[in-house]
Amino acid sequence: MKTSIATVTVSGDLGQKLAAIAAAGFDGVEIFENDLLVFDKSPAEVGRIVRDHGLEISLFQPFRDFEGMPEPYRGRTFDRAERKFDVMQELGADLVLVCSNVSPIALGGIDRAAADFRELGERAARRGLRVGYEALAWGRHINDHRDAWEIVRRADHANVGLILDSFHTLARRLDTNSIRSIPKDRIFLVQLADAPLIDMDLLYWSRHYRNMPGEGDLPVTDFTRAVAATGYDGYLSLEIFNDQFRGGSTRSIAVDGKRSLLYLADRVKRAEPDVALSAPVLPDRSAVKGIAFVEFSTSGGKQDELAVMLGQLGFAKVARHRTKDVDLYQQGDIRLIVNAEKHGFASTAYHVHGTSAYAFGLTVDDANGTVERAVALGAERFEQAPGPGEVTIPAIREPGGGVCYLLDGSEALSRLWDIDFVGIAPEPERIDAGLRHFDHIAQTVRYDDLLTTILFHTTLFDVRKTPMVDIVDPGGIVRSQVVENAEGTFRVTLNGAENHRTLAGHFIAESFGSSIQHLAFSTDDIFATAAALAGNGFTPLEIFRNYYDDIEARFGLDPEFAERLRRANVLYDRDDSGEYFQLYSPIYGEGFFFEIVERRGYKGYGAPNAIFRIAAQKRHIRPMGMPRG
Ligand code: MG
Ligand code: MG
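So in my numbering, spot 165 of the sequence shown is number 167, and the numbers just go up one at a time.
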């Protein structure tokens, strides 16, 4: 497999695009004609820049409205083709994409189209060039790769081949198995794109909503398996039209693209072990057993505030780090680390984001294997020298800049808490609130980074993603998607904030991109927990009375039960899977908070309650532009 990406996929001018594509480790690049036209360098110079970056031009595109034209248009299309061939020779590109004709004057007819391609093949051959034919999903006469293949077959010219594009095939729900019988040497290039399932006009969907394989809902893996089954081992090239990508970070989109292709090839090879597809073998996706800890960075007075808050939530300070200004708090299986070091990464995180949950630890089967897989997929290893005798914890940088530590059952890692920490006597006045486990971690990211973060989790860990839902904030929409494992021991809710008027957007802006916005803990008895918390001096987020009138009517609740929920400020949801109870802390700082949940079979995250929770929390946020209180 050789990897390639179309210049149209990433943002920037052609020079910036090529630099980012090369840095992400692609072998080739599709030059989009428009990117060339709006760039102030000649095709020959662009060709040199491409080669200086160590890249190859996998394709020049597009050439439109070619086949089946009546005269005098037919003659003119051949003249246009010769002009494109001139540019290609200057560039050093040997393959051009011809997409199926959409012109209303195009004449149908497989043999007419085949004859046109045979002539084009002759002209291309004279210059040592090749022509690839792609069926657009909205082509006038040809909109199916099977018909495009029939035309290529009948053209019967060595310089004319087929270009397959997963979007065009999958958007029309065509059977991918029809690809398996195409001879591999007749497939000149394979373009890949995924997309979220949205019912809309094909052309608009394609031009604005494509995304990287694995980021959407289309069966791109099945498509690629069928391609690989032919024996094809040439370029897999990303051709993604996406408004977000065009305005996003050139570097991170290129890195995501490479990651998505490596992950896709890995899945294909696992599903079709006999295929020729040459791609690196990755360690297995890591099975997450649970969230081992979450670590806060803090300092000074903020450290004391955090300690009070944790005490009210029923956490006991159980241990202190042997050599560092680091405390360990625990309740049930939940471990929270409070790091107030003046040096190192935690301190840097504090200076950038303020008090924040900047790192988390996961328990996996194989911590080092997980890091290896992450690095193979383009993630960055995180290293910070441990003190003498202390445990080195394998770790990686998260896309948001935080740290993900990995623990497993190996000798040192399983004894981390005994080796690095010294136990201390618990404070007697604290009341355990019955918090048992981490239920979920909620990360808030810029909307542009949502797909990046989801791709990071889904390619590295054995998790699935749920469809995206819109959370209504009185200040705008927040897009939310969940990654979770089958056991429910690892759940991350991801929120993409589009503007600063939402609570999520405010949090990101004011904490300078910090990503963990809330931690949710589970209890087996929400009302007992609420009572214990009150005994510790905890004040829950106060929920408006209107909410309780609404759910009483909506769910037909017993008025006494609704009143009990109201007195405890507990939110309620119910669906086919079961019942859900939620209790929130007030917000701390610029929008961080804690959540306590009780699940009675319920599988979701209380999305219908979000607007009520957000409205209640926003009363405590300082208005935009006001000084910090
Ligand atoms: Mg295409
Ligand atoms: Mg939550």
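Note that beta-carbon positions come from the ideal geometry of N, C-alpha and C, so glycine has one too.
query: Can you tell me where the alpha helix (DSSP H) holding residue 157 begins and where it ends?; result: 147–157
query: For the candidate residues 209, 47, 171, 508, whose alpha-carbon lies nearest to that of residue 448?; result: 508
query: Measure the CB-CB distance between residue 309 and residue 242 and report whether it falls below 9 Å.; result: no
query: Measuring only from the beta carbon, is residue 263 closer than 8 Å to any heavy atom that is part of ligand 1?; result: no
query: So, at 6 Å on beta carbons, what are the nonlocal neighbours of residue 21 in its own chain, with the 5 sequence-adjacent residues on each side left out?; result: none
query: Any chance the CB of residue 101 is under 8 Å from a heavy atom of ligand 1?; result: yes
query: Secondary structure at residue 208, three-state DSSP: helix, strand or coil?; result: helix
query: Rounding to the nearest angstrom, what Cα-Cα distance links residue 127 and residue 273 in this structure?; result: 38 Å
query: Rounded to whole angstroms, what is the Cα-Cα separation between residue 526 and residue 209?; result: 48 Å
query: Quick check: does the Cβ of residue 35 come within less than 8 Å of any heavy atom belonging to ligand 1?; result: no
query: Bridge partners for residue 451 per DSSP, in chain order?; result: Answer is none; residue 451 lacks a bridge partner.
query: Any idea if residue 7 is buried or exposed, counting beta-carbon neighbours within 10 angstroms, 16 or more meaning buried?; result: buried
query: What number of angstroms, rounded off, separates the C-alpha of residue 138 from the C-alpha of residue 144?; result: 7 Å
query: Excluding five sequence neighbours on each side, which residues of the same chain lie with their C-beta closer than 8 Å to the C-beta of residue 185?; result: 232
query: Tell me residue 213's beta-bridge partners as DSSP assigns them.; result: 196
query: Can you pull every residue whose C-beta falls closer than 7 Å to some heavy atom of ligand 2, listed in chain order?; result: 442, 444, 495, 520, 522, 597, 607, 608
query: In this structure, what does DSSP give as the bridge partners for residue 127?; result: Answer is none; residue 127 lacks a bridge partner.
query: Could you check whether the Cβ of residue 170 sits closer than 8 Å to any heavy atom belonging to ligand 1?; result: yes
query: Please enumerate, following chain order, all residues with a beta carbon closer than 5 Å to at least one heavy atom belonging to ligand 1.; result: 167, 193, 241
query: Label residue 626 either buried or exposed according to how many other C-beta atoms from any shown protein chain fall within 10 Å of its C-beta, with 16 as the threshold for buried.; result: Bear in mind that a pLDDT of 47 at residue 626, under 50, signals an unreliable position, so the number given afterwards is only what the model happens to contain. So residue 626 ends up on the exposed side.
query: Mapping the DSSP letters down to three states, classify residue 386 as helix, strand or coil.; result: coil
query: Helix, strand or coil for residue 64 per DSSP?; result: strand
query: Under a three-way DSSP split, which group does residue 5 fall into?; result: strand
query: Is the stretch 340–349 in contact with the stretch 223–230, if contact means three or more CB pairs nearer than 8 Å?; result: no
query: Identify which residue in 583, 403, 292 has its Cα closest to the Cα of residue 532.; result: 583
query: Does the beta-carbon distance from residue 3 to residue 235 come in below 9 Å?; result: yes
query: Can you have a look at residue 215 and say buried or exposed, based on whether 16 or more other CB atoms are within 10 angstroms of its CB?; result: buried
query: Who are the Cβ neighbours of residue 311 in its own chain at under 7 Å, not counting the five residues just before and after it?; result: 590
query: Going along the chain, which residues of its own chain have a beta-carbon closer than 8 Å to the beta-carbon of residue 519, five neighbours each way excluded?; result: 444, 445, 446, 497, 506, 509, 593, 594, 595
query: Measure the alpha-carbon distance for residue 478 versus residue 504 and round it to whole angstroms.; result: 6 Å
query: Measuring straight from C-alpha to C-alpha, what distance separates residue 355 and residue 95?; result: 47 Å
query: Over what stretch of residues does the alpha helix (DSSP H) that includes residue 559 continue unbroken?; result: No alpha helix (DSSP H) contains residue 559, which DSSP labels as neither H nor E.
query: Might you give, ordered along the chain, the residues of its own chain that have their beta carbon closer than 7 Å to the beta carbon of residue 545, omitting 5 neighbours on each side?; result: 571, 573, 614, 618
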